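Residue numbers (the numbering used here), protein chains in the order written: chain W, 1 to 261; chain F, 1 to 317.
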């Protein structure tokens, strides 16, 4: 009995270990030649096509909500002219990477997990291994790289659209002045904010793709197994992404001093 | 000229459940062997262990001096180039059309030009009767066609060993006969070692040189076709003649009560042994044996009416 309890308690540790080992396999596959350029481009295009519009649509209300919340608060302090800088700070530092990660995990990750899961249960992956081809090098590496690339660019998109959305709401709804919004851009925000947003996006793309590929390639038990794999991959990558986001933000704040004056 | 597969003391379990244990057999080079077993006895697992997709818990699988069960991943990928595998559903790549599917191993592993690839692919497509369907996607064709396309893909690299998982599931009797004839003709042509996993009795009785039977977590028997078809061993006899009387029950094994109830029932007499399928061009295969040869050599009297040219292929019972 105790051994059953112990094995249940330790099961998540085993899964985490396998996920990590899978990540290492992918890292090794990264350097195997020939690089699958075609698959990489196809996947990058596919991921971009399923994420760009939802990301833009998510980014607009994200920027607007920050403008509304911060705008109201900041008005009470009489510091309306800083609304622009607050929006930039919030969007570039946090909202951008978070919105990107949600879309990458939710749209791209689920599509990848479903695709690989379906291949797994149709024995396509087995067939590939039997034909002497390593599916990690052939299928997973291009997907992981494509996810990272698209996440990187999506982050830029979210930043632009989010700041623009904040601008519209601030100027149109909150009677802010366009000049003040634009002029305060650089009051608090600095260039390293942008870098850390980009690094976050890359790391989130990496994590989401690896979780999705791992879950997809380990789907078992017929069509229901594919559904389960997709579901688990989205849940696990969401949780991981939020934890990693917190850790990276904490480290960033320690490393980079806030801009003063 | 085919390659021998030597399996020694192999066992595999999933968690605490033993799938099969202590399986030892040698699949002779260049011959056609069939692995039989009731549903759920791990026939497909056995096949996957042979290609190294599943690691067995103990034992070894020797192919050309390499142990599949313990060799490195690199050696495994190298040795797999000797294999052609036909999966149950064909396992075609859903995103490629049939031509690209069949051409895939050639593009990956050879330096052939596109026109050479085209020649080889068309030759194999012709062999399995799929000329004209090469632009179709796997999702657009029937299960039988997918299976034949899978066979074409398994054949393009001229394998030394051909592993075939349930060639007859989902095929009509006529197509099954055609595909069985195709296996025999292929064996005559390329001399590869064939291992067919099935539970179709007709295939098992007429196609192979050797038969193996997996039952109740172990290998019940493996040997020449005539040895198993004339065997008095209850499990072998029941299975190869598709009878209800015998140790195999609906759920794996019969319990004591059921066995007690049929204690007095005699097993029906063994049906005659049919002739083995011969290559359609009439030239005997290298591994072909003379009908009744094994029975005569081992002093076994085959059931009356065996090896009769006019005999139909029906099973007894």
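Even glycine gets a Cβ: it sits at the ideal position worked out from N, Cα and C.
Keep in mind the model is a prediction, meaning the values are calculated, not measured.
| Any C-beta of chain F sitting closer than 8 Å to the C-beta of residue 131/W? | yes
| said: Do residue 43/F and residue 197/F have their beta-carbon atoms positioned less than 8 Å apart in this structure? | reply: yes
| said: Assuming residue 14/W and residue 97/W are in contact, meaning their beta carbons sit under 8 Å apart, how far apart are those beta carbons, in whole angstroms? | reply: Not really, about 30 Å apart at Cβ, beyond 8 Å.
| field | Beta-carbon proximity list for residue 314/F, same chain, < 6 Å, skipping 5 on both sides | value | Reliability of the predicted coordinates at residue 314/F is poor, the pLDDT of 48 falling under 50, and the value obtained from them is presented with this limitation in mind. Excluding positions up to five away in sequence, the list is empty.
| field | Cβ of residue 127/W within 8 Å of any chain F Cβ | value | yes
| task | Apply the 10 Å Cβ neighbour rule to residue 176/F and answer buried if 16 or more other Cβ atoms are within range, or exposed otherwise. | result | buried
| said: So, for residue 48/F: in the same chain, excluding its five sequence neighbours on each side, which residues have a beta-carbon less than 6 Å away from its beta-carbon? | reply: Closer than 6 Å at Cβ, skipping near neighbours: 54.
| request: Report all residues from its chain with a CB closer than 6 Å to the CB of residue 187/F; omit the five preceding and five following residues, and keep chain order. | output: 32, 194, 285
| message | Could you check whether the Cβ of residue 181/W sits closer than 7 Å to any heavy atom belonging to the ligand ADP? | response | No copy of the ligand ADP occurs in the structure displayed, which carries no ligand at all.
| request: List the DSSP bridge partners of residue 215/F. | output: 218/F
| field | Residue burial classification, residue 89/F (beta-carbon count within 10 angstroms, cutoff 16) | value | buried
| Who are the near neighbours of residue 262/W in its chain, counting only those whose CB is closer than 7 Å to its CB and skipping five residues on each side? | With chain W covering only 1 through 261, there is no way to say anything about residue 262/W.
| Proximity winner among 102/W, 66/W, 101/W, relative to residue 89/W (alpha-carbon distances) | 66/W
| said: Check whether the segment 269-286 of chain F and the segment 225-243 of chain F are in contact - that is, three or more C-beta pairs closer than 8 Å. | reply: yes
| Measuring CA to CA, which of 72/W, 153/W, 191/W is closest to residue 258/W? | Of the listed residues, the one whose Cα sits closest to residue 258/W is 191/W.
| query | Checking contacts by CB at 8 Å: is residue 94/W closer than that to chain F? | reply | Not an interface residue.
| Interface partners of residue 93/F on chain W, CB under 7 Å | 124
| task | Write down the C-beta distance between residue 2/F and residue 204/F rounded to the nearest angstrom, noting that I regard them as a contact closer than 8 Å. | result | Rounded, the Cβ-Cβ distance is 20 Å, inconsistent with contact.
| said: Please tell me whether residue 153/W and residue 202/W are closer than 8 Å, where the distance is taken between their beta carbons. | reply: Using a Cβ distance threshold of 8 Å, residue 153/W and residue 202/W do not count as a contacting pair.
| field | Residue ranges of each alpha helix (DSSP H) within the segment 163-208 of chain W, 4 or longer | value | 178-183, 185-188
| said: Across the segment 77-96 of chain W and the segment 208-225 of chain W, are there enough close Cβ pairs to call them in contact, namely three or more that are closer than 8 Å? | reply: Too few Cβ pairs lie closer than 8 Å, so no.
| request: Report the partner residues of residue 224/F according to the DSSP bridge assignment. | output: DSSP output for residue 224/F lists 210/F as bridge partner(s).
| query | If residue 131/W and residue 87/F are in contact, beta carbons under 8 Å, what's the gap, nearest whole angstrom? | reply | Not a contact, Cβ separation roughly 11 Å.
| Under the three-state DSSP convention, the category residue 155/F falls into | helix
| said: I'd like the span of the alpha helix (DSSP H) that includes residue 126/F, first residue to last. | reply: 114-127
| Per DSSP, the bridge partner or partners of residue 17/F | 14/F
| According to a CB-to-CB cut-off of less than 7 Å, which residues of the segment 20-52 of chain F neighbour chain W? | Residues 51.
| Below-8 Å beta-carbon distance, residue 191/F vs any chain W residue | no
| In this structure, what does DSSP give as the bridge partners for residue 67/F? | 62/F
| Quick one: is residue 183/F buried, meaning 16 or more other Cβ sit within 10 Å of its Cβ, or exposed? | In summary, residue 183/F is buried, with 16 or more beta-carbon neighbours lying within 10 Å of its beta-carbon over all protein chains present.
| task | Tell me where the alpha helix (DSSP H) around residue 92/W begins and ends. | result | Neither: residue 92/W is in no alpha helix (DSSP H) and is coded neither H nor E.
| Proximal chain B residues relative to residue 307/F, where beta-carbon distance stays under 7 Å | Included in the structure are the protein chains W and F, with no chain B among them.
| query | Is it right to say residue 210/F is buried, meaning 16 or more other beta carbons lie within 10 angstroms of its own, or is it exposed? | reply | buried
| query | Can you tell me whether DSSP reads residue 231/F as helix, strand or coil? | reply | coil
| task | For my contact list, residue 113/W and residue 229/W are in at a C-beta cut-off of 8 Å; report their separation, rounded to the angstrom. | result | 5 Å
| request: Please classify residue 84/F: does DSSP put it in a helix, a strand, or coil? | output: strand
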